[in-house]
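The next block holds one structure in the form of structure tokens; read it before the comments.
There are 2 protein chains.
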Amino acid sequence: MKLLKDKIIQDSEVLEGNIIKVDNFLNHQVDVRMINEIGKEFKKRFSDIKVDKILTAEVSGIAIATIVAQYFDVPMVFARKTESQNLDKDKYESKVYSYTKEKIYKIMVSKRYLNKNENILIIDDILANGKAMNGLIDIVNKSGAGIVGLGVVMEKGFQKGGKILREQGYRLESLAIIDSIKEDNIKFRK
Amino acid sequence: MKLLKDKIIQDSEVLEGNIIKVDNFLNHQVDVRMINEIGKEFKKRFSDIKVDKILTAEVSGIAIATIVAQYFDVPMVFARKTESQNLDKDKYESKVYSYTKEKIYKIMVSKRYLNKNENILIIDDILANGKAMNGLIDIVNKSGAGIVGLGVVMEKGFQKGGKILREQGYRLESLAIIDSIKEDNIKFRK
Chain A
41 MKLLKDKIIQ
51 DSEVLEGNII
61 KVDNFLNHQV
71 DVRMINEIGK
81 EFKKRFSDIK
91 VDKILTAEVS
101 GIAIATIVAQ
111 YFDVPMVFAR
121 KTESQNLDKD
131 KYESKVYSYT
141 KEKIYKIMVS
151 KRYLNKNENI
161 LIIDDILANG
171 KAMNGLIDIV
181 NKSGAGIVGL
191 GVVMEKGFQK
201 GGKILREQGY
211 RLESLAIIDS
221 IKEDNIKFRK
Chain Z
41 MKLLKDKIIQ
51 DSEVLEGNII
61 KVDNFLNHQV
71 DVRMINEIGK
81 EFKKRFSDIK
91 VDKILTAEVS
101 GIAIATIVAQ
111 YFDVPMVFAR
121 KTESQNLDKD
131 KYESKVYSYT
141 KEKIYKIMVS
151 KRYLNKNENI
161 LIIDDILANG
171 KAMNGLIDIV
181 NKSGAGIVGL
191 GVVMEKGFQK
201 GGKILREQGY
211 RLESLAIIDS
221 IKEDNIKFRK
């Protein structure tokens, strides 16, 4: 997706440890026009499949998944990371290891919002090692619903998450795959 | 907003302590069609003012604020609750007391995303005691930007947050104000 790649080149910052900071348009300040184009692109790429629900995880996936759900005209569910009085006791859970935070956290979805007969499209902002994505996949599998696709805005192609998911047979669509970062020079996969 | 009130009557659950659970359309599973109508309604109610940016707080405000930002065609910023490598060191902070979680948490916005000359419309899902809203107001005030309005989907009119904000002169638009809850019987303000 050229528009997105141009935006990443123009607006992102590379931090230590190959972290690409995209907080001025994707995960702190949200450029809703750009997110709209992202939603449209996911709809195009998954136009041949039936999608009943969009699933993402809080926090950074929510804005994107909302717009994607708008394009598919289906509900969106976001996995919660914190227990709350508002969350059902009866829920699917998975554990996720965060490299940036160096800790394990739980993600949870109420059993009421994932059903056996549903086709789920999982959407997230960034795919690196794939730990968060694996947690979401694990939750859908526990529910018995079907995973019809995985969509991520930015994939770090030099980390192993995307490669493994494709080898496992998942239909993964990444709108921008970064193959290398060298001294602020971001190289995309063609 | 009749559509919303009907939805609350039909789909919400009343938990102990007058907590109204709306996780099947607002803050866990998101009914994007409903959120669309909510966005449209906020645009209508604030149609006479110039809005440069929508501000909300993670987590539950994000989906709504995204759609509202779409209607105003402006960027959306969500205050973050956790420190991260992706968050600027240079940021505005405020402390918020959570009654449901019985603890104080921090909300943070990078100084880059709130500017003196901007008109900010603050959007959130639920207003009760107003602690989260006050935190967002505090952050905007620290930035020197102007607050042109506050929009919440559901106000618990029997708690003091909304009353105080109106007395302070804020233009607060609540799409559904609940005046009382008695044995699952929800009464809206006319």
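Heads up: the sequence lines are chains A and Z, in that order. Using our numbering, read the first sequence as starting at 41 and increasing by one per residue. Using our numbering, read the second sequence as starting at 41 and increasing by one per residue. Just so it is clear, CB atoms sit at the ideal spot from N, CA and C, and this is done for glycine as well. Source: prediction; values computed, not measured.
Distance between residue j and residue i (C-alpha atoms, nearest Å)
i, j, result
"V136(A)", "E223(A)", "30 Å"
"G170(Z)", "I204(A)", "46 Å"
"M233(Z)", "D164(Z)", "No statement about residue 233(Z) is possible, as the shown extent of chain Z runs from 41 to 230 and does not include it."
"S183(A)", "E133(A)", "10 Å"
"N64(A)", "D51(A)", "7 Å"
"G186(Z)", "T122(A)", "32 Å"
"F118(A)", "D128(Z)", "25 Å"
"S100(Z)", "G209(A)", "33 Å"
"D142(Z)", "F198(A)", "Reading off the sequence, residue 142(Z) comes out as Glu, not Asp. Their Cα atoms are separated by approximately 43 Å."
"K200(A)", "I179(A)", "21 Å"
"K93(Z)", "A103(A)", "15 Å"
"G194(A)", "S214(A)", "Sequence check: residue 194(A) is Met here, not Gly. So the two alpha carbons sit approximately 6 Å from each other."
"V188(Z)", "D219(A)", "44 Å"
"V54(Z)", "D113(A)", "28 Å"
"L176(Z)", "K230(A)", "42 Å"
"N159(A)", "M116(A)", "12 Å"
"K80(Z)", "R73(Z)", "11 Å"
"K47(Z)", "V70(A)", "28 Å"
"A97(Z)", "Y139(A)", "24 Å"
"I166(A)", "L212(Z)", "36 Å"
"K45(A)", "K83(A)", "18 Å"
"E207(A)", "L190(A)", "13 Å"
"N181(Z)", "L95(Z)", "13 Å"
"K227(Z)", "I221(Z)", "6 Å"
"S124(A)", "K196(Z)", "19 Å"
"N225(Z)", "I217(Z)", "14 Å"
"N126(A)", "R85(A)", "35 Å"
"I162(A)", "V192(Z)", "28 Å"
"N157(A)", "K151(Z)", "46 Å"
"N76(Z)", "L66(Z)", "12 Å"
"G202(Z)", "K42(Z)", "20 Å"
"L154(Z)", "H68(A)", "12 Å"
"R120(Z)", "I49(Z)", "31 Å"
"D130(A)", "D130(Z)", "41 Å"
"I78(Z)", "I78(A)", "22 Å"
"A168(Z)", "A168(A)", "39 Å"
Enclosing alpha helix (DSSP H) for residue i [first to last residue]
i, result
"E207(A)", "G201 to E207"
"V72(A)", "V72 to R85"
"K42(Z)", "K42 to D51"
"Y111(A)", "G101 to F112"
First and last residue of the uninterrupted beta strand (DSSP E) at residue i
i, result
"D92(Z)", "Here D92(Z) belongs to no beta strand (DSSP E), and DSSP marks it neither H nor E."
"V117(Z)", "M116 to A119"
"V149(A)", "K143 to S150"
"F228(A)", "N225 to F228"
"A216(A)", "L212 to K222"
"V62(Z)", "Where V62(Z) is concerned, there is no enclosing beta strand (DSSP E), given that its DSSP letter is neither H nor E."
"D128(Z)", "D128(Z) -> no beta strand (DSSP E), and no H or E assigned at all."
"L167(Z)", "N159 to L167"
Per-residue contacts from residue i into chain B (C-beta, under 8 Å)
i, result
"S150(A)", "In summary, chain B is missing from the structure at hand, where the protein chains are A and Z."
Whole beta strand (DSSP E) elements within the region 171 to 199 of chain A, 3-residue minimum: Along the region 171 to 199 of chain A, the beta strand (DSSP E) occurs as fully enclosed runs of 3 or more residues at 186 to 196, listed in sequence order.
Three CB pairs or more closer than 8 Å across the region 47 to 65 of chain Z and the region 88 to 99 of chain Z: no
At least three beta-carbon pairs within less than 8 Å, the region 105 to 114 of chain Z to the region 135 to 152 of chain A: no
Residues, ordered as in the chain, of the region 186 to 212 of chain A that lie near chain Z by beta-carbon distance below 8 Å: Cβ contacts with chain Z: none found.
Contact set between the region 93 to 108 of chain Z and chain A, restricted to residues whose Cβ is under 7 Å from the partner: E98, V99, I102, A103, T106 and I107
Short-range partners of chain Z found in the region 61 to 83 of chain A, where Cβ spacing is below 9 Å: K61, V62, D63, N64, F65, N67, H68, Q69, V70, D71, V72, R73, I75 and N76
Positions along the region 123 to 145 of chain Z whose CB lies within less than 8 Å of some CB in chain A: Going along the region 123 to 145 of chain Z in chain order, one finds S124, Q125, N126, L127, D128, T140 and K141 with a Cβ nearer than 8 Å to chain A.
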